[in-house]
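First comes the structure, then the notes that go with it.
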Amino acid sequence: MNEKPDTIYGRLLESVHISGYSFERACQKFKWLLTGGHWKTIGPGYDDIDKFIASINFAEFKISIEQRKEIAKMLEVEHATQRATARMLGVHHSTIAQDLGGNPPKPELEAASIQDIIENIGGNPPNTSSGAEVAKMAEKVIEKENRKLALKEKIASEKSIEIKDLPNIDLRIGDFKSVLSDVYNIDAIITDPPYPKEYLSCFSDLSKYASEHLKEDGFCVVYSGQYNLPEVIKRMSEYLTYVWTFCLYHVGKKQLVNGVNIMCGWKPVLIFSRGRKKMRYSAYDIVESKEREKNLHEWQQSESGVTGLIEIFTEPGQLIVDPFTGSGTFLKMAHLMNRKAIGAEIDTKKG
Ligand SMILES: C[S@@+](CC[C@H](N)C(=O)[O-])C[C@H]1O[C@@H](n2cnc3c(N)ncnc32)[C@H](O)[C@@H]1O
Numbered sequence: 191m192n193e194k195p196d197t198i199y200g201r202l203l204e205s206v207h208i209s210g211y212s213f214e215r216a217c218q219k220f221k222w223l224l225t226g227g228h229w230k231t232i233g234p235g236y237d238d239i240d241k242f243i244a245s246i247n248f249a250e251f252k253i254s255i256e257q258r259k260e261i262a263k264m265l266e267v268e269h270a271t272q273r274a275t276a277r278m279l280g281v282h283h284s285t286i287a288q289d290l291g292g293n294p295p296k297p298e299l300e301a302a303s304i305q306d307i308i309e310n311i312g313g314n315p316p317n318t319s320s321g322a323e324v325a326k327m328a329e330k331v332i333e334k335e336n337r338k339l340a341l342k343e344k345i346a347s348e349k350s351i352e353i354k355d356l357p358n359i360d361l362r363i364g365d366f367k368s369v370l371s372d373v374y375n376i377d378a379i380i381t382d383p384p385y386p387k388e389y390l391s392c393f394s395d396l397s398k399y400a401s402e403h404l405k406e407d408g409f410c411v412v413y414s415g416q417y418n419l420p421e422v423i424k425r426m427s428e429y430l431t432y433v434w435t436f437c438l439y440h441v442g443k444k445q446l447v448n449g450v451n452i453m454c455g456w457k458p459v460l461i462f463s464r465g466r467k468k469m470r471y472s473a474y475d476i477v478e479s480k481e482r483e484k485n486l487h488e489w490q491q492s493e494s495g496v497t498g499l500i501e502i503f504t505e506p507g508q509l510i511v512d513p514f515t516g517s518g519t520f521l522k523m524a525h526l527m528n529r530k531a532i533g534a535e536i537d538t539k540k541g
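Residue numbers for the sequence shown, in our numbering: 191 to 541.
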């Protein structure tokens with residue numbers, strides 16, 4: 191090029207200006223074709239808007255968000271599919287869904303920093319500078335988060351299903367001591383006995399049952415109220431070994447307990463075993479309970495709380511028993527998490 195840099199620079203600015211102007215004009219023409227169904231009369235005639243817009247490609251242009259939204263709305267009126275619109279505009283179809291006021295795309299984990307991901311989700315980054323080890327751990331953490339997301343969707347889709355319609359759930363009506371007497375090799379008992387004082391003997395019965403029916407290395411995970419906690423621990427210790435107290439933290443909703451004038455935001459979940467003290471994997475002892483559904487049973491527990499416990503104390507395919515089933519929240523969640531589940535409920539109206 192023999193021309194001066196200034197001249198070339200001037201031409202460059204001019205070209206950029208013209209291409210912007212040309213694109214603007216192209217947009218105007220496109221919008222005009224969309225109004226009044228003009229696009230249908232082009233050439234031999236289009237009858238499908240998706241086919242028409244497939245013949246135009248705006249993907250290479252830097253289109254403003256406002257312009258994109260305007261075009262997406264116009265195309266929606268013409269019944270173009272979001273995918274065809276997205277292809278034409280060179281964006282992901284979830285962007286168009288959002289532009290049109292639909293559901294935002296599912297959150298995806300951003301791998302901003304592997305260490306951040308691990309720490310954000312409550313894991314301990316390994317004491318190592320090896321990138322490979324950190325990446326491996328991050329992969330596991332992401333897998334776990336993805337499993338949680340998938341479970342959430344599964345729970346939402348099966349929410350209305352009644353427990354009696356679910357396969358692999360064996361709900362027996364009657365006193366658990368007799369109706370569950372033939373069930374052995376239990377991987378975990380996860381249960382929520384009644385808390386009032388007059389039911390305290392249930393905890394002695396449960397302790398005996400668990401000591402005889404749990405696998406050698408299984409755990410008995412028991413919800414308890416606060417009032418009679420010392421007596422509950424005493425009774426559960428009659429045949430079992432005390433391991434730990436987990437905190438089931440009630441996110442959002444708190445309850446004023448009048449007798450003691452305390453605003454209560456958590457529930458003790460007691461862990462007992464046949465002697466084993468150590469968890470298989472390191473576990474965090476605070477489990478969140480997001481909402482407290484009470485549409486089926488006055489004592490109904492939250493689904494989100496128990497899923498955390500099922501994840502900690504069992505593996506897929508293992509057997510969970512709930513001797514105090516109530517509305518069946520624990521059995522249903524066990525089933526959704528691919529565990530086998532057996533329960534007992536003494537009250538025929540509830541089971
Ligand atoms: C606190 S509720 C369980 C609530 C349950 N977690 C839910 O989310 O719906 C305790 C249940 O145990 C039942 N129950 C009490 N004694 C029992 C026994 N010996 N055998 C079987 N069920 C019993 C009660 O009828 C009650 O429905």
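Don't be surprised by glycine CBs; every beta carbon is placed ideally from N, CA and C.
Taking 7 Å as the line, does the beta carbon of Asp240 fall inside it for any heavy atom of ligand 1?
-> The count along the sequence shown starts at 1 and reaches residue 240 at position 50. No.
Apart from the five residues just before and just after Lys480, which ones in its own chain have a Cβ nearer than 7 Å to its Cβ?
-> Here residue 480 refers to the residue found at position 290 of the sequence shown. Closer than 7 Å at the Cβ level, and outside the excluded window around Lys480, lie Val441, Ser492 and Ser494.
Could you give the C-beta distance for Pro386 and Phe393, rounded to a whole number, given that I count them as a contact under 8 Å?
-> As a first step, residue 386 is located in the sequence shown; it is residue number 196 there, counting from the start. As a first step, residue 393 is located in the sequence shown; it is residue number 203 there, counting from the start. Not quite, the Cβ-Cβ distance comes to about 12 Å (not below 8 Å), so this is no contact.
Would the beta-carbon of Phe514 be found less than 7 Å away from any heavy atom of ligand 1?
-> Residue numbering aside, residue 514 sits at position 324 when the sequence shown is read from its first letter. Checking every heavy atom of ligand 1 against the Cβ of Phe514, one is found closer than 7 Å.
Alpha helix (DSSP H) containing Phe248: first to last residue?
-> Translated into positions along the sequence shown, residue 248 becomes position 58. Looking at the DSSP string, Phe248 is not in any alpha helix (DSSP H), and its letter there is neither H nor E.
What's the C-alpha gap between Asp395 and Ala524?
-> The sequence position of residue 395 within the sequence shown is 205, counting from 1. The sequence position of residue 524 within the sequence shown is 334, counting from 1. Whole-angstrom Cα-Cα distance: 23 Å.
What does a CB cutoff of less than 7 Å around Gly455 pick up in its chain, not counting 5 residues either side in sequence?
-> Within the sequence shown, numbered from 1, the residue matching residue 455 stands at position 265. Correct list, in chain order: Tyr439, His440 and Lys444.
Beta-carbon separation of Ile510 and Arg529 under 8 Å?
-> As a working mapping, residue 510 is identified with position 320 in the sequence shown. As a working mapping, residue 529 is identified with position 339 in the sequence shown. The answer is yes: Cβ separation under 8 Å.
Regarding Phe520 and ligand 1, is the C-beta to nearest heavy atom distance less than 7 Å?
-> Sequence index remark: in the sequence shown, residue 520 carries index 330 (1-based). Yes - ligand 1 has a heavy atom lying nearer than 7 Å to the Cβ of Phe520.
Under the DSSP definition of a beta bridge, which residues are partnered with Cys410?
-> Taking the sequence shown and counting its residues from 1, one reaches residue 410 at position 220. Listed as beta-bridge partners of Cys410 by DSSP are Ile379 and Phe462.
Taking the C-alpha atoms as reference points, what is the distance between Phe366 and Phe514?
-> Walking along the sequence shown from the start, residue 366 turns up at place 176. Walking along the sequence shown from the start, residue 514 turns up at place 324. Their Cα atoms are separated by approximately 7 Å.
Is there at least one non-hydrogen atom of ligand 1 closer than 7 Å to the beta-carbon of Pro384?
-> Position 194 of the sequence shown holds residue 384. Yes.
Helix, strand or coil for Thr431 per DSSP?
-> For this step, residue 431 is matched to residue 241 along the sequence shown. If DSSP states are grouped into helix, strand and coil, Thr431 belongs with the strands.
Which two residues bound the contiguous alpha helix (DSSP H) that contains Lys398?
-> If you number the sequence shown from 1, residue 398 lands on position 208. Residues Ser391 to His403.
For Lys405 and Gly533, the rounded distance between their alpha carbons = Residue 533 sits at position 343 when you count from the first residue of the sequence shown. Residue 405 sits at position 215 when you count from the first residue of the sequence shown. In a straight line, the C-alpha of Gly533 is about 17 Å away from that of Lys405.
So what does DSSP say about Arg529, is it helix, strand or coil?
-> Position 339 of the sequence shown, counting from 1, holds the residue named residue 529. DSSP places Arg529 in coil when its eight states are reduced to three.
Whole-angstrom distance between Lys539 and Gly403, CA atom to CA atom = As a first step, residue 403 is located in the sequence shown; it is residue number 213 there, counting from the start. As a first step, residue 539 is located in the sequence shown; it is residue number 349 there, counting from the start. Sequence check: residue 403 is His here, not Gly. Rounded to whole angstroms, His403 to Lys539 spans 27 Å at the Cα level.
Counted within 10 angstroms of its Cβ, other Cβ atoms place Tyr413 as buried (16 or more) or exposed | Looking up residue 413 in the sequence shown gives position 223. Result: buried.
Nearest to Lys259 by alpha carbon, out of Ser245, Phe242 and Leu279?
-> Counting from 1 along the sequence shown, the entry for residue 259 is found at position 69. The residue with the shortest Cα to Cα distance from Lys259 is Leu279.
Nearest-angstrom Cα separation, counted from Ile363 out to Lys464 = Along the sequence shown, read from residue 1 onward, the residue named residue 464 stands at position 274. Along the sequence shown, read from residue 1 onward, the residue named residue 363 stands at position 173. The sequence given here places Arg at residue 464; Lys does not occur at that position. Between Arg464 and Ile363, the C-alpha separation is close to 27 Å.
Using beta-carbon positions only, say whether Lys522 and Ile380 come within less than 8 Å of one another.
-> Residue mapping note: residue 522 aligns to position 332 of the sequence shown, counting from 1. Residue mapping note: residue 380 aligns to position 190 of the sequence shown, counting from 1. Not a contact, by the Cβ cut-off of 8 Å.
Inter-stretch contact (C-beta, 8 Å, three-pair minimum) for the segment 244–251 and the segment 268–279 | yes
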